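Quick note, the sequence shown lines up with residues 5 to 678 if you use the working numbering.
Since the structure comes first, as C-alpha cells, the remarks are kept for the end.
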Amino acid sequence: MPAELIEERPSADAPPPVRPRRTRVRELPEVRWAALATAAFLPAFPLDLAGAPAWLWGPLYAVCYAAGGWEPGLAGLRALKERALDVDLLMVVAALGAAAIGQFLDGALLIVIFAVSGALEAFATRRTADSVRGLLDLAPDTAARITPGGAEERVDVSALRVGDTVLVRPGERLPADGTVREGMSDVQQAGITGEPLPVDKGPGDEVFAGTLNGTGALRVTVDRDASASVIARIVAMVEEASERKAPGQLFIERIEQRYAIGVVAATLALFAVPLAFGADITETLLRAMTFMIVASPCAVVLATMPPLLSAIATCGRHGVLVKSAAAMERLGAVTRVALDKTGTLTEESARVRGIRALPDSGLTEDEALALAAAAERPSEHPLARAVVAAARERGLRLEPAADFTSAPGRGVRAVVTDHTVQVGSPTALLDGAPPDCPGARVRTDIGDGPIRTAVAEVEDSGATAVAVLVDGRPVAVLAIAAPLRAGAAEAVASLGRLTGTPPVLLTGDNKHAAARLGEEVGITDVRAGLLPQDKVATVRGWEDAGERVLMVGDGVNDAPALAAAHAGVAMGRAGSALTLETADAVVVRDELAAVPAVVTLSRRARRLVAQNLVIACVCIGALVVWDLFGHLPLPLGVAGHEGSTVLVGLNGLRLLRTSAWPGAARARRPAVGG
C-alpha cells in the first residue's frame with residue numbers, strides 16, 4: 005500500500021476550516037430605516053396623547069414618516085410606471101392623507117407597521133441566502149490531484165474533471181463526488197444520506213463531495229463536475245423551492261392589487277364628483293380623507309397578525325421557534341406528514357442497545373463489554389465512543405490498553421490484561437484479515453456458528469452489529485443503534501389524527517433499520533435508501549396531487565425536502581445550518597411531541613384569523629357605508645376604525661395565555677386517585 009495512503013497527518017496546505025457567512029441585522033438598510041421610524045414614533049406617541057405642544061411631537065412624526073415611508077413609496081411609484089398598484093403605496097398615501105387632515109398618529113402607526121414587516125421580510129430572505137451560500141462551503145476550495153506521473157498537485161475544486169484522481173487524507177472533506185480507487189476509511193455522510201454512523205468505504209464504493217473522511221486515506225476517482233455534485237444539487241433544489249410561490253400567496257397578491265385600485269378610485273371619486281357639482285372643497289376633502297382612513301386595511305392587517313404572532317410567542321415559550329406569521333399559518337394547513345429517521349425520530353448519538361455474550365465464551369455481558377471498551381477507549385470513532393459510554397454507565401472498570409491499532413473498515417485491536425482484543429466489523433473480523441492490514445496477526449476461521457447467528461439477529465433488529473474477539477475467539481456481539489426519541493410513537497399517532505393520514509418515513513438509512521423503526525413508532529409506509537433528490541421528488545409528488553406536506557428533519561439532506569414541502573420543521577440541537585434556515589419552525593429542545601402541538605396551535609390561530617377577518621370586514625364595511633350614504637364625523641370614523649383594530653388585536657392575543665399550548669390544561673389537572 006502506498007505510503008501516502010496510510011498517512012494520518014493532515015496536509016500542511018489543506019484548506020482552512022470555513023466559517024459560515026452571516027449577514028448582520030444592522031447591515032440591512034430596511035432594518036435601519038424601520039428602526040429609525042420606530043424610534044421616532046415611540047416618544048411622539050405619548051407626547052401626542054398627553055396634549056403636548058406640536059413642536060415637541062411634530063418633528064418626531066416627520067422623521068417617522070420619512071424614514072419608514074420613503075422606500076415603500078418609491079417602490080410604489082416604480083410599480084406605477086409598470087401599471088401596477090400595491091397596498092404599500094396605498095398605505096403611504098393613506099398615512100399622508102391622515103396627516104393632511106391632522107390625524108398624525110394614525111398615519112405614523114401605519115408607517116411603522118409596514119416598515120417593520122418589510123424589515124423582517126428582508127432579514128429572513130438574506131439569512132436564507134446566506135445559508136444556501138454557506139452550504140457550498142461544505143466542500144473544500146482545493147483538492148490534492150494526482151498527476152499521471154504520480155505526483156501530487158493542489159488545484160481548485162472547479163478545475164477537477166471527470167476521471168481525475170484525488171487524494172483525501174484523514175480528517176479532510178471530500179472535494180468531489182466519485183468512486184474510491186484505493187484505500188479504506190470510514191466516511192461521515194449523515195448530511196447527505198442521513199445515515200447516523202460513519203460508513204466504511206473501500207475500493208469501488210461511492211463517496212460524495214462535502215462528506216468528512218475518517219481515519220484512513222483515500223484515492224478517489226472523480227465521477228462528476230463540481231457543478232453536478234450532490235451538494236450542488238441540494239443548493240439548486242433549495243433555491244428553486246424557495247422561489248416557488250404558494251397558490252395562496254399569489255391569490256393574496258391579486259386581492260391586494262384589486263383592493264388598492266378600488267380604494268384609490270373610490271377616494272378620487274368621492275373628492276372629484278362632489279366638486280363637479282359645486283360642493284365645498286374643504287368638506288369634500290374631509291369626507292374623502294375620512295373614507296381613506298376608514299377603508300384602510302389596518303384592522304385587516306391586525307386581524308391576521310396578532311393571532312399568528314401570539315401563537316409564535318407561545319411556541320417560543322415551549323421551545324419551538326416559528327420564523328414568521330406566514331410559516332405559522334402554513335403549519336396549520338398540512339394534510340400529510342413526512343418524517344426523517346436519524347436525528348428526528350431517533351437520537352443523533354449512537355448507543356449500545358444490547359450485548360450478546362456467546363454461550364461458550366466464558367464471559368458475562370459486563371466482562372465482554374469491559375474488554376471491548378478498554379480496547380476502544382483510544383479510538384475517536386463514534387461506535388467506539390458508544391461502547392465506552394455504555395461501559396461507564398454500568399460503572400465498569402476499564403483496564404489500560406497496549407499496542408493499540410486501528411484499521412479503517414475493520415475496527416480496532418489492543419492488548420488488554422495480556423489478551424488480544426479485537427472490536428469491529430463482523431464481516432472483516434470473522435472472515436479473516438488480509439495479511440497487510442493492521443491487526444492481521446490474529447486470524448480467525450470460525451465458519452457458521454453462534455456468532456453468525458447473533459450478528460444476523462442484531463442486524464435484523466435494525467441495529468449495527470459489532471463483533472468482539474479475544475485472542476482470536478469470538479466472545480460477544482454488541483448491538484449499537486441510535487435510540488428512539490422520547491415520545492416518538494405518541495407524536496406519530498397525534499400527527500396521524502390531526503391530518504387524517506398516517507405519517508410516512510423518508511430516510512437514507514438501510515431498509516432493515518428503517519423498517520424496524522417504523523414498527524416501533526407505528527409507521528407502515530417506510531421509504532428507505534433515499535438521497536436528497538428522492539425525498540424532494542416524493543414530497544413534490546404529494547404536493548402535485550393536492551396534498552399539503554409537513555416535512556420534519558434535521559440534516560442537510562433534508563433541507564431540499566423542507567423547502568419543497570408546504571411547511572417544514574427542523575430539530576434544533578443537531579440540525580444543520582441550512583436546515584434550520586430553510587425550515588418554517590425549529591424545535592429547539594428536540595421534543596418530538598412539540599410538532600403536533602405546533603400544528604394544533606396553528607389551527608387555532610387560523611380560526612382566530614377567520615373570526616378577526618369577519619369582525620374587521622364588518623366594521624370597515626359599516627363605516628364605509630356610513631361615510632358614503634350618510635355623514636360620518638371624522639372623530640367617530642377614526643374611533644370606529646381604531647376600535648375595530650383594537651378589538652381584533654385583543655381577540656388575537658388570546659393565544660398568549662398559558663392554557664393555549666396544547667396539553668397545558670392536562671398538565672395542570674391533578675391525577676385522579678392520588
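Just so you know, even glycine gets a beta-carbon here, dropped at the ideal spot from N, CA and C.
Computed from a predicted structure; not experimentally measured.
Starting from the C-beta of residue i, find all residues in its chain whose C-beta is less than 8 Å away, skip the five residues before and the five after it, and write them out in chain order.
| i | result |
| --- | --- |
| A16 | Here A16 scores only 36 on pLDDT, less than 50, and its place in the model should not be relied on; the value that follows carries that caveat. If we look at A16 and ignore the five residues flanking it on each side, it has no Cβ neighbours. |
| A664 | S314, A315, T318, L605, R608 and R658 |
| P251 | Note that P251 scores 47 on pLDDT, short of 50, meaning its location in the model is unreliable; the coordinates nonetheless yield the value given after this. For P251, where only same-chain residues beyond five positions count, there are no Cβ hits under 8 Å. |
| E156 | E8, A148, R149, I150 and L171 |
| V592 | G323, V324, L325, G576 and R577 |
For the candidate residues the options, whose alpha-carbon lies nearest to that of residue i?
| i | options | result |
| --- | --- | --- |
| R36 | E86, L64, D52 and A123 | A123 |
| D681 | D160, G175 and P174 | No answer is possible for residue 681: it lies beyond the span of the chain, which begins at 5 and ends at 678. |
| L100 | T294, T288 and T42 | T294 |
| L113 | G80, R87, A71 and A143 | A71 |
| T308 | V652, T662 and R661 | V652 |
| I221 | G206, S231 and A79 | One point to set straight first is that residue 221 is Ala, not Ile, in the sequence displayed. A221 has its Cα closest to that of G206, out of G206, S231 and A79. |
| S702 | R262, N655, D204 and V166 | There is simply no residue 702 to check, as the chain begins at 5 and stops at 678 in what is shown. |
| A236 | S162, D284 and V474 | S162 |
| G656 | A329, T421 and A568 | A329 |
| H635 | T288, P600 and T348 | T288 |
| D370 | E397, A492, T348 and D548 | E397 |
| A490 | T348, T146 and D204 | T348 |
| A331 | C621, V650 and R610 | R610 |
| C621 | F49, Y263, E31 and R389 | Y263 |
| R401 | T421, G154 and D229 | T421 |
| H423 | D475, P50, P430 and R414 | D475 |
Which whole-angstrom value is the C-beta distance of residue i and residue j, which I expect to be below 8 Å?
| i | j | result |
| --- | --- | --- |
| A469 | E463 | 5 Å |
| P564 | K539 | 7 Å |
| C623 | A303 | 6 Å |
| L510 | R531 | 5 Å |
| T368 | A376 | Rounded, the Cβ-Cβ distance is 13 Å, inconsistent with contact. |
| E524 | L488 | 6 Å |
To which residues of the same chain is residue i closer than 6 Å at the C-beta, ignoring the five residues directly before and after it?
| i | result |
| --- | --- |
| A406 | V419 |
| A485 | R357 and A467 |
| G644 | L627 |
| V613 | T308 and P311 |
| W630 | L636 |
Would residue i pass as a contact of residue j if the rule is Cβ separation under 8 Å?
| i | j | result |
| --- | --- | --- |
| G557 | A574 | yes |
| G2 | A483 | Look at the range of the chain in this structure, 5 to 678, and you will see that residue 2 is not part of it. |
| V184 | G208 | yes |
| V298 | L627 | yes |
| E380 | V427 | yes |
| V590 | L596 | no |
| G182 | T225 | yes |
| A354 | L373 | no |
| L93 | G111 | no |
| V459 | V481 | yes |
| G512 | G533 | yes |
| T505 | R340 | yes |
| A38 | A119 | yes |
| A432 | R414 | yes |
| K345 | A492 | no |
Count the other C-beta atoms from every protein chain shown that fall within 10 angstroms of the C-beta of residue i, then say buried if there are 16 or more, exposed otherwise.
| i | result |
| --- | --- |
| A618 | Checking the sequence shown, residue 618 turns out to be Val, not Ala. The residue is exposed, with fewer than 16 neighbouring Cβ atoms inside 10 Å. |
| D588 | buried |
| L387 | buried |
| S410 | buried |
| V391 | buried |
| E384 | exposed |
| F212 | buried |
| P152 | exposed |
| L566 | buried |
| F45 | buried |
| A103 | buried |
| G218 | buried |
| L2 | No answer is possible for residue 2: the residues shown for the chain start at 5 and end at 678. |
| V650 | exposed |
| D364 | exposed |
| K515 | exposed |
| G77 | buried |
Hey, would you say the C-beta of residue i is under 7 Å away from at least one heavy atom of the ligand FMN?
| i | result |
| --- | --- |
| A460 | Summarising the ligand content, the structure contains no ligands, and the ligand FMN is consequently not present. |
For residue i, which residues in the same chain have their Cβ closer than 7 Å to its Cβ, ignoring the five residues on either side in sequence?
| i | result |
| --- | --- |
| V338 | T503, R552, V553, L554, H570, A571 and V603 |
| L660 | S314, A317 and T318 |
| I115 | A41, C68, Y69, G72, G73 and A99 |
| P19 | Since pLDDT at P19 reaches only 37, below the 50 mark, its modelled position is unreliable, and the value read off the structure follows with that caveat. Hits under 7 Å: P144, D145 and T146. |
| R30 | R36 |
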